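Chemist: Okay, handing you the structure first.
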Amino acid sequence: MKKVSKYCTNGTKPVFHEYFQRKIGEGKTKPQALVCIMRRLVNIVYGMLKNKTEYRVPQLPTNVDNMV
């Protein structure tokens, strides 16, 4: 669990870092937020294996100010 924590909370993986911050903002504790991330990772891997697809990194908005 420490590796997942280090991987997701250091900001180098923006998709998971943003998800982690959102869960913390929802009132989850850090361990609870990490469980949410691990569940999301399991769902992604399962979907990749089931559909025989490669992982596609979701595109994050580059400029939040222009979002309406």
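Plus 432 on top of the position in the sequence shown (first one is 1) and you've got the working numbering. For glycine and all other residues, C-beta sits at the position ideal for the given N, C-alpha and C. Since we're looking at a predicted model, the values are computed, not measured.
Which residues bound the alpha helix (DSSP H) around glycine 459?
Modeler: Note, glycine 459: premise wrong, no alpha helix (DSSP H); not H, not E.
Chemist: With burial defined as no fewer than 16 other Cβ atoms inside 10 Å of the residue's Cβ, what is the status of leucine 466: buried or exposed?
Modeler: Result: buried.
Chemist: With DSSP run on the structure shown, which of helix, strand or coil describes proline 446?
Modeler: If DSSP states are grouped into helix, strand and coil, proline 446 belongs with the helices.
Chemist: Is lysine 453 helix, strand or coil by DSSP?
Modeler: Looking at the sequence shown, residue 453 is not lysine but glutamine. Of the three classes helix, strand and coil, the one that applies to glutamine 453 here is helix, per DSSP.
Chemist: Mind the definition here: the segment 446-461 touches the segment 469-486 only if three or more C-beta pairs lie below 8 Å; say whether that holds.
Modeler: Segments in contact, yes.
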